[in-house]
Amino acid sequence: MGVYVFDMGRRIETPVSAPSLQIKATAATQAVAKIHSNLKSPSQHAQQAIHDYQEHTEHEPQLVAYATDIMATELKTLSTTATVGDAWLAIKESGYRHLPVIDEHHAIHAIVFDRDIMATLIETPKAIGNNILQHAMHPVYCILENTDIRQTAQILYQHDLGALPVINRQHQLTGIITRTDLLRLLSHYGPMELWA
Numbered sequence: 002m003g004v005y006v007f008d009m010g011r012r013i014e015t016p017v018s019a020p021s022l023q024i025k026a027t028a029a030t031q032a033v034a035k036i037h038s039n040l041k042s043p044s045q046h047a048q049q050a051i052h053d054y055q056e057h058t059e060h061e062p063q064l065v066a067y068a069t070d071i072m073a074t075e076l077k078t079l080s081t082t083a084t085v086g087d088a089w090l091a092i093k094e095s096g097y098r099h100l101p102v103i104d105e106h107h108a109i110h111a112i113v114f115d116r117d118i119m120a121t122l123i124e125t126p127k128a129i130g131n132n133i134l135q136h137a138m139h140p141v142y143c144i145l146e147n148t149d150i151r152q153t154a155q156i157l158y159q160h161d162l163g164a165l166p167v168i169n170r171q172h173q174l175t176g177i178i179t180r181t182d183l184l185r186l187l188s189h190y191g192p193m194e195l196w197a
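As numbered in my numbering, residues 2 to 197 make up the sequence shown, in order.
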């Protein structure tokens, strides 16, 4: 799966936890009658199979939408030296609810959520001058630009996240995808078929 986890700018080996495999015991199947009992020879059976295959109309698979297709690229970010007050001001001014914390090389260190900043300021008003990294969420789950939207949705759901930063192959932040972005995609394009 295309998920990367970063903690304070350092990549953690992923996956963090492997899903448990569920193996079911097999049982013997019962005997069945021949499918084409009316055909006399194997060549007639083959001809019937070819005919059935040619009559079968298949629809063309649609392209898979990737993270890069739906991610927001106009981002408001915070530097690793920002304070809680800086984060609150950025949230108020930008209207964004998720702010990645990056260094000068665009490597992601943490992510800040509006609700966490509000809770911090309500509980401890003096925290307004604290470094944002003390109150930001880390490690951060990230995805690559070529991650398909099915995997993106699965990661958001599986880890109960509101947003996923999108990174390039050099592990630099290039965008962000929120649950709202996925809902907008589904609502604008109606029924979708995803093919991998």
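Glycine included, every Cβ here is placed at the ideal spot set by N, Cα and C.
Quick caveat, the model's predicted, so the values are computed rather than measured.
Task: Local conformation of glycine 96 per DSSP, three classes - done: coil
- [ ] Output the boundary residues of the alpha helix (DSSP H) element that contains tyrosine 158.
- [x] 150–159
TODO: Below 8 Å on the Cβ atoms is my guess for valine 85 versus histidine 136; work out the distance and round it to an integer in Å.
DONE: The pair is a contact, with the Cβ atoms about 6 Å apart (cut-off 8 Å).
Task: Candidates Ser188, Gln155 and Tyr142, of which the one nearest arginine 11 by Cα - done: Tyr142
TODO: Would you check if there are 3 or more beta carbon pairs closer than 8 Å linking the stretch 145–158 to the stretch 106–126?
DONE: no
Task: Opening and closing residue of the alpha helix (DSSP H) in which aspartate 115 lies - done: Here the alpha helix (DSSP H) through aspartate 115 covers 115–124.
Task: Reference histidine 107; option with closest CA among Thr78, Thr179 and Val4 - done: Thr78
Open item on the list: Could you check whether the stretch 42–51 touches the stretch 152–172, counting it as contact only if at least three pairs of C-beta atoms, one from each stretch, sit closer than 8 Å?
Closed with: no
Task: Counted within 10 angstroms of its Cβ, other Cβ atoms place threonine 153 as buried (16 or more) or exposed - done: buried
Open item on the list: What would DSSP say about valine 8, mapped onto helix, strand or coil?
Closed with: The residue asked about is misnamed: residue 8 is aspartate in this sequence, not valine. Looking at aspartate 8 - three-state DSSP - the assignment turns out to be strand.
Task: Buried versus exposed call for proline 101 [16 or more other C-beta atoms within 10 Å across all chains shown] - done: buried
- [ ] Quick one: using the 10 Å Cβ neighbour count with 16 as the cut-off for buried, is proline 126 buried or exposed?
- [x] exposed
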